[in-house]
Each structure stands twice: as structure tokens, then as C-alpha cells.
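Residue numbers (the numbering used here), protein chains in the order written: chain A, 1 to 445; chain B, 1001 to 1293.
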């Protein structure tokens, strides 16, 4: 008797549209954003889940970006990889070379028939996450760039024009001296030392960070950061630190804290810091573009992006995804590309509006007049006519997480006076190239 | 002469040994074997391609000039932590051993820090000595001392040593106290009657009598400083500035977990494993000889 009812139920289930009756397919999504950004991201996933009943995206926080990356890779080796992982931009080179561990977005879209208007994405964003022929490898989402935040009150006290931030390093050095003389304990600091002072610096001055177009051309790239301009800049930072014009704030994002609490008057940081400054700063502040050295031919041009993108992953070394799972991933990516999602994320967080149409619409509505400085990151990405050179497209080096740490270590030793800027950069190049050669050898197909 | 129990047959002794052997096999020999195996391999992060490279990983590690720096750091760090933790613990134990009021309360309080997880201990020290948010960090800077362990290698090393030693003081304290309490009172009284002052009594009677404890603690503390201080370093300095506070175990973590360079990391673990074997060997050689059970 029981058996008949069961059989009947199965028959019924098959007769009606299968999807409506089935449990939604779960899409595991690992991210590396702390609060409040993580909560905003999880809300986007929740909105997607509410919009349909075929798929359910399960978003979970897995620690910082590097921790999330390590967790996803370990899970893949164990055959338990998440469907989607958020990967910071320095992990891009590693993921691109990951072969069958990842499912490139262009393949995913072609197989599932889902369309995403990548033509509308900012060129700097599109370029960072695509192959040289333009095929997208990952799904761009939270993109930022490095900018300057400065304390307008401190500028006023030092007799500087709070509405005109110095455009060149030469002018900035003078401004920092005035700030110091006016009693500012720490005129300048930085977050993400390698990103803001080496990677972005090389891009806006149109000098190569590495050969092979910063690694876009192949795995045989070699670091080139021991060039005269880079040496000059690092030596300046070291000298300024000795003079008390500049303070090293620590690795990665540790320097962030020095600006909102008023300790330092100027910080070079991610545009994504905006939300925190808005919440915490008790003074008038402004946003400006990164300074450049006057007299460097062709400078300044566009800066590069940072932040993270979303990668679709296969389950394990010998386990592919079903077509239905892939369709779910593609649908979620398409949801992330919706103008209202892109818009909300940009307006609330200070990350870039990745779609140009969203930027134009907000501009037409007067959003940037009401929120001065919110458009600086975009203007900076389009600086120099918006024509990216091969030095300002982005960075695609394998093992770049390690290389960043190496550069930071060598910088720290220079700041301690244990070596000159020249020695620091020579050492960084030599140690970094070892990493690149190992990566090349491990990933030779 | 040792007593020997002879079991009839093979099944019973085998069954009695089995649980212990299983645990050792699964939790020690298997992972250790895997580490040895990986140390001969070079593979990409995702495990999609691998290559057998013999001793290349070891050669790369041992010829890296930075590895020498790290070995030196480890020596400085381990010795300082052991000496500091044992010195302070011995001093406290001697004080607590005296007949003072509330001795039990003091003893209990002194044992507390041992229950604190290394990472939590590090965060406590961070709140004390962070140059911007730490109470003492701000005081030092206010007093004109440029205190910033994020950019001063010496200060960073001092801070991790103090934080790591603080946690170990409790453990040493318990052992020293037990050692002191086992010293026969009449020996000390006899010395006192002969006119030996407390300091002299300590160095001529107490210290030699607790030397087995001291030696045991030295080995335990060295092993602690070598292997269990990862959390303290990770939470406080992350091995920086430069490589100033990177120790051998921290480098294993950085290369293996952060940089996904499994071969190099495994080779370093194997080197460390050999080191432990040597240290354990020393421990047995000397302690067996000197300790009277």
C-alpha cells in the first residue's frame, strides 16, 4: 500500500514541472569580506534567493581574502570546493593558471546561455579579469582603486588650501613640511604598502612592474621594480620617515586606522576605506588622486584596480559540476551584474561602479555633486585619456601573494635603516623572481 | 633487575597495544610520512601537477640566506623565552614557597595565565603595547621613546619574547614550586644554623637540588618556544618587520599555508622534525641520568 502511494507521488512529481517541486539547488559561495561589507554582500545573495526558487546561494564568510583563498584551494584538493569563491585581485594570476580547478566565466556563460553585458564594464575592471583576447575569466564585483584621503582641517591649520590637494610628489613634500611645522604629528601614511606605493605607483607613471606586460604576456615574466624612479620614490619615503613627514603604518590594511582617528593628515589607501572614514572621522576630509613625480614623461596615466572578483570553481580534481549547478552560478553572476545591484553596492560602500552606464546615470542624477570625491576613483581610472598602457592594465603574476609579502619585508628593512632603497628593491626583485620561476615550473602544462 | 610480565600467546598483548599503536599511527606516523613524501615533491597549489624532485626542496631551503636569518631568530627567541620564563617562574616560586599570608591565593593567580590561549595572550599584549591604541605604547611614545614594534625589529622581538614567556611562567612555576617543596626542611635548617644566609642557602642547596626540574623545564620550554608560539607571533607581528620575528615554525606556516608552497614547507617541517628528535634524544639521555624517580 505504502509503496503504491510513493510510486504515485514520484509519478506526479515527474508529471509537473520538475523544478517547481524540487528542493532548490544549493550554490556554495565563500567570501572574505568583514562587516559591514560582508553583511551587505550576504544581503545581495539573499535578494537573489528571494527572486526565484530554483537555486539557493549559501553565502559564508571564510576569513580574510588570503584565508578564503587558502580555504578554497584546500577544499578543492579535498573534492569539496565551493561553487563560487571571492578572490582578491592578487590571487588572479594563480587562479588563471589553475586549469581545471576553475570554470572560466566565458565558458560558463556559453554553456548555460546566460548573458552578461561585459561591454558596459569599466575597461580597467574588464581588462584585469579577462584573457588577452577579451574572454572573461572571472566575475568582477567589488573593485576599488588607490586614492588619497586628506584631513582638510589639518590643511587649514597649516595654511594650505584645503580644496587643492598637491598633484605632484614634489608639491606634496612641501605640504607635508608645512603640516609638520603646524604641529601635525604624522603628515603622511599609507595602507597596503606594496599596492599603493609600488603597484599603483608603477601604473600611473607608466613604468613596468614586470616584463611580459606585467605578466599578461606569459608565465616567464620577471620583476622590474628596481628601476631608477621606483628607487628614488622608496628612498624619498625612507628619508621622509626619518624626517618625520611619513609614517609606516604596518602591512596590508593596518595603516587604515591611522587616518580616521586623526593621527595622520594624509593617507594613501583603498577607495573602499571611504565608508569607514565617513562613519568614524571627526573632521572635514577630502579625496584626491594619487600624486606623481613632475618631469616623468607621460605621467600620470590611469591607476589600476584592486578589490576582488568571483570565480566559479569545479568541485575537485576529478569532479565536475552538473549543468544545473553551472546554470545556478551563471544566474547568480547575472544578478550581480544588474544595474540596481551594481548601483547600490557603489553608493553604499565606496567601491567602484563597475558598469559605466551606472556611473553615467548617477552622474546625471547629481549624485557626485552631493557626494564630492566619490567620483575621484573613476576619474583616476580614466586619467590619461582612458587608454590603458601595458603597464597600467593590471598585474598578472603567479604567486603574487608571496611577492607582495616579500616586497613589504624588504621595504620594512629599508625603513629600519638596515638597507638602502636600492638594496631593498634589488633584493625584492631577486627573491620575487625565485617565486615567479617556481610558479612557472609548477604550472607548465 | 626489571620485572617482566609474560603474557601467554600473542592475541592479548596485541589487543592491549592496538589502541595506542592506532593513535600513534594515525595521528603521528601517517602525517609525518606525508610530510616526508611532500618534501620530495614540487606541486602547484591546486594539486593538479606534481613532480618528484629528490632533495631539491631541501637544497633550496638550506641555501636561502633568509633561512639562516630565521634560524638565528629562532635561537635568540627560544633561548630568551626559556631563560626569561624560567627565571621569573623560579623567582616567584621561591617567594611563594615562603610562609606568607594568602600564599594559596597567590599560587592560584600565578597559574591562571596558563589557561589563556596563545592568540588571546598575544591580543592582551597588543592592547598594552600597540603604539596607537595600547596603554603602555602610548605612554612610551608620550615619554619621547619612539615605540613602534611594526617598524622596529628589536622592539618587535622583545615584545614577542615577553608575550610568549609570560604565558609559560605559570607552567614553570608549578614545577619549581613542587621541586622546592620536596626539598627536606632539615637540610635548610641545618645550613641556617651553620650561618648560611638565604642567598647562599639558595645557591648552594636549593638550586642544586632542583636541577633535575630545571633541566626538564629547559627542554620543555625550548620545545614550547620552538613549536607552540606560532599564535603569539601571528597575532602580534606576523613575522615582521622584515623577517625580524619570523621563527622556523612561523616560516613553515607562511610558506605552506600562505604561499601555498607545499614542497618547501614540507622540507622545513622535516628539518624541524629532525630537530625535535635530536632534542628529545638529549632529553632522555640527560634526564634519565639525573632524575631520581
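All residues carry an ideal CB built from backbone N, CA and C; glycine is no exception.
Values in this document were obtained by computation on a predicted structure and should not be read as measured data.
Asked                                                                                                                                                                       : Found
Going by DSSP, name the residue or residues bridged to residue 307 of chain A.                                                                                              : A/143
Counting along the chain, where does the beta strand (DSSP E) carrying residue 286 of chain A start and finish?                                                             : 285-288
Would you mind working out which of B/1251, B/1281 and B/1258 sits nearest residue 1268 of chain B, comparing C-alpha positions?                                            : B/1251
Note down, in chain order, all residues in the stretch 317-350 of chain A with a beta-carbon under 9 Å from any beta-carbon belonging to chain B.                           : 317
Please report the residue range of the beta strand (DSSP E) in which residue 87 of chain A lies.                                                                            : 84-88
Does DSSP classify residue 1077 of chain B as helix, strand or coil?                                                                                                        : helix
Quick one: does residue 1098 of chain B have its CB under 8 Å from some CB of chain A?                                                                                      : no
Around the Cβ of residue 1274 of chain B, are there at least 16 other Cβ atoms within 10 angstroms (buried) or fewer (exposed)?                                             : exposed
Using a Cβ-Cβ cut-off of less than 9 Å, list which residues of the stretch 1028-1053 of chain B approach chain A; keep chain order.                                         : 1042, 1043, 1044, 1045, 1046, 1047, 1048, 1049, 1050 and 1051
What distance in whole Å lies between the Cβ atoms of residue 401 of chain A and residue 147 of chain A, which are believed to be in contact at a cut-off of 8 Å?           : Not a contact, Cβ separation roughly 23 Å.
Between residue 265 of chain A and the rest of its own chain, which residues show a CB-CB distance below 6 Å, the 5 nearest in sequence each way excluded?                  : 151, 154, 179, 184 and 187
Identify each residue in the stretch 1152-1178 of chain B for which the Cβ-Cβ distance to at least one residue of chain A is less than 8 Å, and report them in chain order. : 1152 and 1153
With a 10 Å radius around its C-beta and 16 neighbouring C-beta atoms as the bar for buried, classify residue 395 of chain A as buried or exposed.                          : buried
Of all the CB atoms in chain A, is at least one closer than 8 Å to the CB of residue 1001 of chain B?                                                                       : Note that residue 1001 of chain B scores a pLDDT of 46, beneath 50, so its modelled location is shaky; the value from the coordinates is reported in the next line. No, because no Cβ of chain A sits closer than 8 Å to the Cβ of residue 1001 of chain B.
Roughly how many angstroms separate the alpha carbons of residue 1255 of chain B and residue 363 of chain A, rounded to a whole number?                                     : 46 Å
Closer than 8 Å, Cβ to any Cβ of chain B: which residues of the stretch 95-107 of chain A, in chain order?                                                                  : 97, 98, 99, 100 and 101
What whole-angstrom Cβ distance do residue 211 of chain A and residue 293 of chain A have, given they're in contact under 8 Å?                                              : So it is not a contact: roughly 22 Å between Cβ atoms.
On the criterion of 16 or more Cβ atoms from any shown chain inside 10 Å, does residue 1037 of chain B qualify as buried, or is it exposed?                                 : exposed
Please confirm whether residue 65 of chain A has its beta-carbon closer than 8 Å to some beta-carbon of chain B.                                                            : no
Runs of 4 residues minimum, wholly inside the stretch 1049-1076 of chain B: which ones carry the alpha helix (DSSP H) assignment?                                           : 1056-1063
May I have the straight-line CA-CA distance separating residue 1085 of chain B from residue 1110 of chain B, to the nearest angstrom?                                       : 13 Å
Measure from the C-beta of residue 416 of chain A to each C-beta in chain B and report whether the shortest distance is under 8 Å.                                          : yes
Unbroken beta strand (DSSP E) runs of length 3 or more, entirely within the stretch 21-53 of chain A: which are they?                                                       : 25-31
Taking CB distances under 8 Å as the criterion, tell me whether residue 12 of chain A reaches chain B.                                                                      : Confidence at residue 12 of chain A is low in this model, with a pLDDT of 44, below 50, so the placement of that residue is unreliable and no value is reported for it.
If we define contact as Cβ-Cβ less than 8 Å, is residue 115 of chain A a contact residue for chain B?                                                                       : no
Quick check: the Cα distance between residue 358 of chain A and residue 1126 of chain B, rounded to an integer number of angstroms?                                         : 43 Å
Against residue 1243 of chain B, what residues of chain C qualify as contacts under a CB-to-CB distance less than 7 Å, listed in chain order?                               : Within the model displayed, chain C is absent; protein chains A and B are what it includes.
Could you check the C-alpha separation between residue 420 of chain A and residue 1066 of chain B for me, to the nearest Å?                                                 : 18 Å
Determine the DSSP secondary structure at residue 150 of chain A, reduced to helix, strand or coil.                                                                         : strand
Does the CB of residue 1238 of chain B have a neighbour CB from chain A at under 8 Å?                                                                                       : yes
Determine whether the Cβ of residue 1259 of chain B lies closer than 8 Å to any Cβ atom of chain A.                                                                         : yes
Terminal residues of the continuous beta strand (DSSP E) containing residue 188 of chain A?                                                                                 : 186-190
Starting from residue 129 of chain A, trace the beta strand (DSSP E) both ways and give me its first and last residue.                                                      : Segment: none, residue 129 of chain A is in no beta strand (DSSP E) and carries neither H nor E.
How many whole angstroms separate the CB atoms of residue 68 of chain A and residue 30 of chain A, which I take to be in contact at a CB cut-off of 8 Å?                    : 6 Å
Do three or more CB pairs link the stretch 373-380 of chain A to the stretch 62-79 of chain A at distances below 8 Å?                                                       : no
By the DSSP assignment, the beta strand (DSSP E) with residue 265 of chain A in it spans what residues?                                                                     : 264-270
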